[in-house]
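Reading through the C-alpha cells given below for one structure.
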Ligand code: T4K
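Residue numbers (this note's numbering): 2 to 374.
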C-alpha cells in the first residue's frame, strides 16, 4: 500500500450536499444557539434513534458532563476503567469519585455481577460504557439501579445505531450520551447528544448547555456553554442519510477481518450481531491478542506501524493507570484484573467506511506474517 493506514478515517458526505446546508446558514445568518439547522437535525435524529427527547451538544464529553450535572449526580459513581479518558474525567471534573467495576471477559463491558458489591451510601449513579458499541447488560443494570435508587448514565459514545430487540440503545438508562466526533461512526465534525425519556430533563439539559439561561432575564442554573452550532448540524444532516450504508460497509470489512484472522491461535474476536436480537454498528475492530498467539500486542502494534498501519491500543492504559490520577490513593487500590489484562492485550485495527476489502486483506496478510503464519 502506498499510503498510511490509520485506525479510522472520517466519513464525509457529498460536498455539494453539505454546501447546500451551508448556503442556508448564509441565508439565515444564524450560526449557533439553537438555529434552524440545529432544530432540523434534532428532529431527524429523534426519528433515526426512535427517541422522544434529544439534546444536541458540542461534543460527547460535554454530553456526559451535562448529564452528570443535570441529574444531580454526586459523591461516588460506579463506572468502568476500560474506556476512553473522557468517561472518567467527566466524573472527576465534577468532584465525583469514580468507583471502578471490572469488565466481562467476553464483550469488555461492565460486569453486572460486581456492581452491588461496590455500592456505598455515597453512590448516586452508575455510568457504564457500551464500549466499541457492545451493548452493556442493560436489563441487569436497570434492575440494580432501581433496587438501590441510582441514576444510570450510559456512555454511548460508541453505540450510535445499536439496537436490542428493535429497541434503540438511547432508550436505556436515565440518559445516554453519544459522541459525533470526526473519528466516530457518525460525525458532526465534533458533536454529541443526550438521549432520554423523561420530559422533565429537557428543560434542565437545555439550560445546562447554555449558561443555565431559561429566558432573557432568567438564569436558573450554574451552567457552561456546550451548544452545537449550525455548521456541525449541517454536517449531521448531510451525514445521517448514509448511516445504513456506512454500517453495511463496515460490516463487510469486519467479516473479512474475521474470515482472515479468525482461525489464528490466540486472536479473540467478539461480534455482537451474533448475539440474538442485537443490531450492531461495527464501530470499531478490536482484537484481543491472547497468550496462544505467540506474539505480544505491543510487538504486533510496533511491527504494523513499521508497515505504516497505525492500529491503536484502545483502551490502554486503563483508567486506574493514568498518570494524572497516580496520586489518588483510591486509584492504586482499585482492582480490575480483567480490565488490566484486556488493556494489555487489546489492539484496535483500522476500520472505516470504504476502506476496501483489499486493504483489510493487506492488513491481515501483514498480521499473519508477523505471527509467523
Ligand atoms: N466516551 C468514550 C467512550 C469515547 O470513546 C469518547 C471519545 C468520548 C466519551 C468523548 O467524546 P468526544 O468529546 O470526543 O465527542 C479519538 C477521538 O478524539 C475521541 O472522540 C474518541 N472517543 C477516541 C476513542 O478516539 P484520539 O486521541 O485517539 O484521536 P486521534 O486524533 O489520534 O485520531 C485517531 C485517528 O483518526 C488518527 O490517527 C487519524 C484519524 N483521523 C482523526 C481525525 C481527528 C483522521 O483521519 N481525521 C481526523 O479528522 O481520540
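The beta carbon of each residue, even a glycine, is placed where N, CA and C say it ideally should be.
| query | result |
| --- | --- |
| Residues near residue 1 in its chain [Cβ-Cβ closer than 6 angstroms; skip 5 each side] | The chain is shown only over 2 to 374; residue 1 falls outside these bounds and no answer can be derived. |
| Cβ-Cβ distance between residue 69 and residue 97 below 8 angstroms | yes |
| Residue 8 CB to nearest heavy atom of the ligand T4K below 7 angstroms | yes |
| Selection from 139, 373, 299, 209 that minimises the alpha carbon distance to residue 314 | 299 |
| C-beta atoms of residue 247 and residue 354 nearer than 8 angstroms | yes |
| Distance, residue 3 Cα to residue 149 Cα | 56 angstroms |
| Test item: CB-CB of residue 308 and residue 367 under 8 angstroms | yes |
| Classification of residue 21 by the beta-carbon crowding that lies within 10 angstroms, buried from 16 upward | exposed |
| Validate contact between the segment 131-144 and the segment 25-33 using beta carbons, cut 8 angstroms, 3 pairs | no |
| Status (buried if at least 16 other CB within 10 Å, exposed otherwise) for residue 331 | exposed |
| Rounded straight-line distance, which links the Cα of residue 15 to that of residue 241 | 12 angstroms |
| Whole-angstrom distance between residue 80 and residue 86, CA atom to CA atom | 12 angstroms |
| First through last residue of the beta strand (DSSP E) which encompasses residue 216 | 214-216 |
| Terminal residues of the alpha helix (DSSP H) in which residue 146 lies | 139-149 |
| Any alpha helix (DSSP H) of 4 or more consecutive residues that is wholly inside the segment 333-368 | 338-346 |
| Sufficient close CB pairs (3 or more, under 8 angstroms) joining the segment 46-55 to the segment 179-199 | yes |
| DSSP state of residue 195 mapped onto helix, strand, coil | strand |
| Buried or exposed (CB count within 10 angstroms, at least 16 for buried), residue 1 | Because the chain here runs from 2 to 374, residue 1 falls outside it and cannot be looked at. |
| Alpha carbon of residue 173 to alpha carbon of residue 374, nearest angstrom | 43 angstroms |
| Every unbroken beta strand (DSSP E) within the segment 207-287, with a cutoff of 3 residues, ordered by chain | 214-216 |
| Contact under 8 angstroms by Cβ, residue 288 with residue 329 | no |
| Three-way DSSP call (helix, strand, coil) for residue 50 in this model | helix |
| Any non-hydrogen atom of the ligand T4K closer than 7 angstroms to residue 253 Cβ | no |
| Cutoff 7 angstroms; reference residue 254; Cβ partners in own chain excluding five residues on either side | 352, 356, 358, 361 |
| Helix, strand or coil at residue 292 [DSSP, three-state] | helix |
| Cα-Cα separation, residue 117 to residue 111 | 12 angstroms |
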